[in-house]
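Undergrad: What follows is a structure written as structure tokens; I'll ask about it next.
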Amino acid sequence: MTARIALTDAAPHQTLTLELPAEGVALTGRVRVPGDKSISHRALMLGAIASGETRIQGLLLGEDPRSTAACFQAMGVTMSSLDDEWVTVQGVGLGNLQEPADVLDAGNSGTTLRLMLGLLASHPDRYFTVTGDGSLRSRPMDRVIKPLTQMGAEIWGRQHNRLAPLAVRGQSLKPTHYHSPVASAQIKSCILLAGLMTEGKTTVTEPSLSRDHSERMLRAFGAEIEVDPDTCSVTVHGPATLTGQTVVVPGDISSAAFWLVAGAITPGSDLVVENVGINPTRTGILDALAAMEADITLENPREVTGEPVADLRVRHSRLKAANFSGDLLPRMIDEVPVLAVAALFAEGTTTITDAAELRVKECDRIAVMASQLTHLGARIEERPDGLTIYGGNPLSGAVVDSYTDHRVAMSLAIAALRTSGSLQIQRAEAAAVSYPNFVATLAQLCGQG
Ligand code: S3P
43 MTARIALTDA APHQTLTLEL PAEGVALTGR VRVPGDKSIS HRALMLGAIA
93 SGETRIQGLL LGEDPRSTAA CFQAMGVTMS SLDDEWVTVQ GVGLGNLQEP
143 ADVLDAGNSG TTLRLMLGLL ASHPDRYFTV TGDGSLRSRP MDRVIKPLTQ
193 MGAEIWGRQH NRLAPLAVRG QSLKPTHYHS PVASAQIKSC ILLAGLMTEG
243 KTTVTEPSLS RDHSERMLRA FGAEIEVDPD TCSVTVHGPA TLTGQTVVVP
293 GDISSAAFWL VAGAITPGSD LVVENVGINP TRTGILDALA AMEADITLEN
343 PREVTGEPVA DLRVRHSRLK AANFSGDLLP RMIDEVPVLA VAALFAEGTT
393 TITDAAELRV KECDRIAVMA SQLTHLGARI EERPDGLTIY GGNPLSGAVV
443 DSYTDHRVAM SLAIAALRTS GSLQIQRAEA AAVSYPNFVA TLAQLCGQG
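When the sequence shown is numbered by my numbering, its final residue is 491 and no position is left out of the sequence of numbers.
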């Protein structure tokens, strides 16, 4: 049997059909993943508010960064086409975002909305309205509205200031020290961005360290940032001066994770994923797969514009179940859906706990991964804050749904590599949020196309 991977339009959505040989397709060769989503958002935003020109190479061309670009263009920032090899952003200078004539639309992107809110709230005398798609309008915004309000921000939202659409009247803010109840880079970055124009020291303390791309990039653009790793605290000194920079965006480890799991679970695989960001605040998935005895090696480690990068080689191996909890979770929160797929092919029972944040991502990823993998014959149970996954049950084809969540869509497609029969993923177009070429790359790796 040869592989069949086909996308069909079921307007306004797409269905991805995957029929792969029961003996499995060995994935070999080299693959490149698109630019890191988190770094792409930050490069566009800091470029927009800095003085002078920022040049960005390797920007993710997914829908999420396009939402960020569109929002800042609507506030007077000039950018070259995002499809250019080097994207240039003409920064307007700190405090100079214009009042937009219409509602800012963050689409599906929590990072766009939450980070941008810190900037909008700190632009005195400007009025902004912000919204997003159905998923984003159901995600909690009080987690950033609360600290911003503590700084003196004026923000109004639906359901007692919890949900977008939001209205913001910019203010001159006062510094704060915010103790966040969750380790979240979106919360931390929102407050740090609000602190840029705020006179004095603005500090965020987290229960454990979330991704630190904002800290690294703010420093590179000239802001004074202090990090205390012992207390997981970050301080920005305002008002800051930011100057445009050159940013080379590494490949996204969250996208690489799909190929790492694919290579680990398909017999005969030997695959190199090139140019992947391996910032230690993001490499939880490497630690998790190592604990499951996956065979992954780092090659050619290097540093590119302040971020560590390497090529990752994965070879098939027999996976063992493991238990994941605690500080590891914020370091791999976006990779849990595909880690759950890996656990289906491991010997023994895997538990993932301390992952309640998954319930407020693009969808409730705990409930959706449990229900969709169950449709395929997996034994997987929801926990309030995670999943219990029983390895070793054979999977067989069924119709499943992405719930318009990009990482769910792609995780289910990776499960298809070890599923007999025909697997159909509805609303598969969601993958384009962070990985526009995902289906084409999968087809290529499976010898089709
Ligand atoms: C992101 C932070 C994480 C992550 C999201 C991107 C960022 O969200 O899930 O995909 O770029 O700051 P939280 O900060 O809400 O955990």
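For every residue, glycine included, the Cβ atom is placed at its ideal position computed from N, Cα and C.
If I measure Cβ to Cβ from residue 282 and keep anything under 6 Å in the same chain, skipping five residues before and after, which residues do I get?
TA: So the qualifying residues of the chain are 238 and 265.
Undergrad: Between which two residues does the beta strand (DSSP E) holding residue 99 run?
TA: Unbroken beta strand (DSSP E) run through residue 99: 93-99.
Undergrad: Cutting at 6 Å between CB atoms, please list the residues of its own chain near residue 109, excluding the five before and the five after it.
TA: Cβ within range, chain order: 148, 149, 151 and 154.
Undergrad: Could you have a look at residue 257 and say whether DSSP puts it in helix, strand or coil?
TA: Looking at residue 257 - three-state DSSP - the assignment turns out to be helix.
Undergrad: Evaluate residue 94 with the Cβ neighbour count: other Cβ atoms within 10 Å of its Cβ, from every protein chain shown; 16 or more gives buried, anything less gives exposed.
TA: Looking at its Cβ environment, which holds fewer than 16 other Cβ atoms inside 10 Å, residue 94 is exposed.
Undergrad: Please confirm whether residue 64 and residue 462 have their CB atoms less than 8 Å apart.
TA: Yes, Cβ-Cβ distance for residue 64 and residue 462 is below 8 Å.
Undergrad: Please check if any C-beta of chain D sits within less than 8 Å of the C-beta of residue 325.
TA: Given the protein chain composition of this structure (a single chain), no chain D is represented.
Undergrad: DSSP state of residue 230, grouped into three classes?
TA: In this structure, residue 230 counts as helix in the three-state DSSP scheme.
Undergrad: Can you have a look at residue 311 and say buried or exposed, based on whether 16 or more other CB atoms are within 10 angstroms of its CB?
TA: With 16 or more other Cβ atoms within 10 Å, it is buried.
Undergrad: Alpha carbon to alpha carbon, how far is residue 229 from residue 258? Give it in angstroms, no decimals.
TA: Each residue's Cα considered, the two are about 16 Å apart.
Undergrad: State the Cα-Cα distance for the pair residue 262 and residue 178, rounded to the nearest angstrom.
TA: Roughly 30 Å between the two C-alpha positions.
Undergrad: Is the Cβ-Cβ distance between residue 77 and residue 102 less than 8 Å?
TA: Against a cut-off of 8 Å, the Cβ pair of residue 102 and residue 77 comes out as a contact.
Undergrad: The ligand S3P heavy atoms versus the CB of residue 80: any closer than 7 Å?
TA: Under cutoff, so the answer is yes.
Undergrad: Kindly give me the distance between the Cβ atoms of residue 424 and residue 409, rounded to whole angstroms, as I take these residues to be in contact under 8 Å.
TA: About 6 Å; that satisfies the 8 Å criterion.
Undergrad: For residue 170, which three-state DSSP category applies?
TA: DSSP places residue 170 in strand when its eight states are reduced to three.
Undergrad: Could you please give the first and the last residue of the uninterrupted alpha helix (DSSP H) stretch that includes residue 283?
TA: It is not in any alpha helix (DSSP H) - residue 283 carries neither H nor E in the DSSP assignment.
Undergrad: Give me, in chain order, the residues of the same chain whose beta-carbon lies closer than 7 Å to that of residue 368; leave out the 5 immediate sequence neighbours on both sides.
TA: Only 396 meet the Cβ criterion.
Undergrad: State the Cα-Cα distance for the pair residue 384 and residue 482, rounded to the nearest angstrom.
TA: Going from the Cα of residue 384 to the Cα of residue 482 covers about 22 Å.
Undergrad: Cβ atoms of residue 222 and residue 205: under 8 Å apart, would you say?
TA: Cβ atoms of residue 205 and residue 222: not closer than 8 Å.
Undergrad: Which same chain residues end up closer than 8 Å to residue 389 when comparing Cβ atoms and leaving out the 5 residues on each side of it in sequence?
TA: Here the set comprises 360, 361, 362, 363, 433 and 434.
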